[in-house]
Every structure is written in structure tokens, then in C-alpha cells.
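Numbering (the UniProt record's numbering), first residue to last: 1 to 376.
Glycine included, each C-beta is placed from N, C-alpha and C at the ideal position.
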């Protein structure tokens, strides 16, 4: 049984953002969202067909035939996507929030803390794992309904010990959200120290190996199974200049996720333990605070709450899946299949290989503080 906890209302100052000009809200994502909810929505398309019939438009009229064909196409396309998800991820698992125990690594800030807030305020048992001392976590008093465990997840012994404590305090863990990530060094490979590279790999990749291997058996022991969420990045595939260590760790994390997903499928546990892979672009968290997006129209900076809501939605629905934000992230697989020449043109147009070197040079100037270790 989880101890009695008091839920508090989260403070709006937890994730302060600089007010944007009106034109900064105009992004590809905005247009895609509007189109998906209007022109590309089957319901809207069939409304047009009904409107034409209400005007007594003949069935053989070109306008009616075109509208019907378009509505039918969108309907078939949506059904195909649903069938694809069913084949790829199977049936959803049964989720009972009153019986779930959510474990979040790196949950003292950023996306992890938002997920902790969401579930904590809904009365769900939540365990936050982070290396910071609880008294040093700013705004921690606003994260109600959550138990905090100081833990260095790169150390296997600490992960195993905290797993034992969580089971005693809250119950058997059923949801694992791997949000922890070390700071971005932003250095070329020749300038990057071996210690910094090793630290990135340990935190972003090896720690996920530890948490998955420790908490997965708990989920398999439960009748309703569980869900594992791994927060990776599109940089694992784009591999921008100045991010050799970060890109390598995230590419490895995505590969680890897919390998574990395949093992669960082969062992017959894919319907019991759901896997969610999150591959996003730049998020407005301390981890990326010294990097300026190379193109705010095509690659807007994501608000953490948007990512957190997507993750929570899949967990609540008991589904597996891949979350890719913003809009350009959905085409990463297509980008990888393009000829090398077109890939280079795309990189130059977006300026992805210049964002980190510029940011790194700015942080070296007098008066610019050096980035500190943060969590995603």
C-alpha cells in the first residue's frame, strides 16, 4: 500500500517560457494540425458529401463524385492506419490507474516532472528517480502525490535497491518512463574528452539497460503487465555536428528499445508489456537551453507539456507506439532512405549542422555561463 499523500496544484511558474511574437506561432506543425482536423479529416469530408446531397446535387454530378471519392479515400486510409497499429502493436493492455505504480527516471525536472505531476494529481502512485537531493530540487513542493528517491541510475546496485524500496512503499512497478539524460556537451569529436563521452553513454544508454532489466520482471509478474517508455531523440538518426556523444547514445537507445520490443514479441509478452518509443526534436527544457533551433518554422522548439501529454495518453490507453514530434520527425525514416545528395541539401537548408557549434562558441565567450547537468 502506498503511503497517504497530499495532492497539490502545480505552480504555473514551474516551466516559465518567454512570450512569443504572433508570427513565431506560425509553424509547419500548426498548419499540419489544422489540415488534419479539417481538410484531411474523414468526418469533415463526409459532411461535404451530405451538404451536396442536401442541395439535391445529382449522384452523377462531378462535384458529388469527387467529394464522395475523397471522403472514401480518407476513410480507407484511416482504417488502414488502425489495422497497421493493430498488427504492429497488438491489443491494448488493461490499465487501472488505481493499481498502477509509475516509475520516472530524471523526474525532478523537464518532461519527467510534468508526467509525475499529471499522475500525482490523479492519485496514481508515482516514484521519481533522480540524482539531485530532494531539498535542492526547485519547485519540488508543487509536485504532489509523488514519492522521491535519490538514485544514480548509472549504478546497477542503486537501481536494484531503489526498486526494492519502491515495491515495499508503493507496490509492484507497472510503468517505467526513462526520461533521464545528461547535459549536451556540444563539442566536436576531437575536442570531446573520453570522460564526457563515457558519461553521456552511461546516463543516456547504459542506465536504460539497468532500469529495463531491473523493472521488467516486475511487470511480467503482474497479470495486467506494464508499459516501458524510452525517451530518445531524432538526433539519434540525424546525427548533427557537435553531438557525437549525444547522437550515439540516442541511436543506441532507440536500437535497444526496438530489440527489447522484438524480444517481448518473440517470447509472447508483447500484449502484456507495452513499449513506447519517443523520438522528438528540441524540447524547451534546461537540457537544450543554450541551443537555438536552426529553423523555428520547420523545426519548432517543443513545449514539454505537449510531449508529456502524448506519453500519458499512450500509457493510459495501454498501447505501444512511437511518438515523433514535431511534424518533421515523422519523416525521419523517409529522410534516411533519400539519396545522400538530397540528404546533404536538406541538412544545409535546415542548418542542423551549425546550430550546436554556434551555441558552443557562444557559451565560451566571457559572461556566458557553462551549461550544467540537467534532465530532459
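Could you tell me the distance, in whole angstroms, from the CA atom of residue 272 to the CA atom of residue 237? 29 angstroms
Measuring alpha carbon to alpha carbon, tell me which residue in 156, 145, 72 and 67 is nearest residue 207. 156
Contact with chain B by residue 184, beta-carbon distance below 8 angstroms: The structure shown contains no chain B; it holds only a single protein chain.
Whose C-alpha, out of 50, 54 and 75, is nearest the C-alpha of residue 40? 75
Can you give the beta carbon distance from residue 203 to residue 280, rounded, assuming they're within the 8 angstroms contact cut? That belief does not hold up - the Cβ atoms of residue 203 and residue 280 are roughly 18 angstroms apart, past 8 angstroms.
Leaving out the 5 sequence neighbours to the left and right, which residues in its chain are closer than 6 angstroms to residue 227 when beta-carbon positions are compared? 175, 274 and 315
Integer Cβ distance of residue 294 from residue 351, believed to fall under 8 angstroms: 4 angstroms
How many angstroms separate the CA atom of residue 261 from the CA atom of residue 252? 14 angstroms
Quick one: Cα of residue 356 to Cα of residue 249, how far? 17 angstroms
Own chain, CB closer than 8 angstroms to residue 258, minus 5 neighbours either side, in chain order: 277
Simplified DSSP state of residue 183, which is helix, strand or coil: coil
Are the segment 295–303 and the segment 316–332 touching by the rule of at least three beta carbon pairs closer than 8 angstroms? yes
Does DSSP put residue 269 in a helix, in a strand, or in coil? coil
Using DSSP's beta-bridge definition, name the partner residues of residue 156. According to DSSP, residue 156 bridges with nothing at all.
Separation of residue 133 from residue 365, as counted between CA atoms: Annotation note: pLDDT 41 at residue 365 (below 50); position unreliable, no value reported.
One or two residues paired with residue 279 in a DSSP bridge: 232 and 324
Thinking just about the alpha-carbon of each residue, which of 306, 119, 145 and 312 is nearest to the one in residue 284? 306
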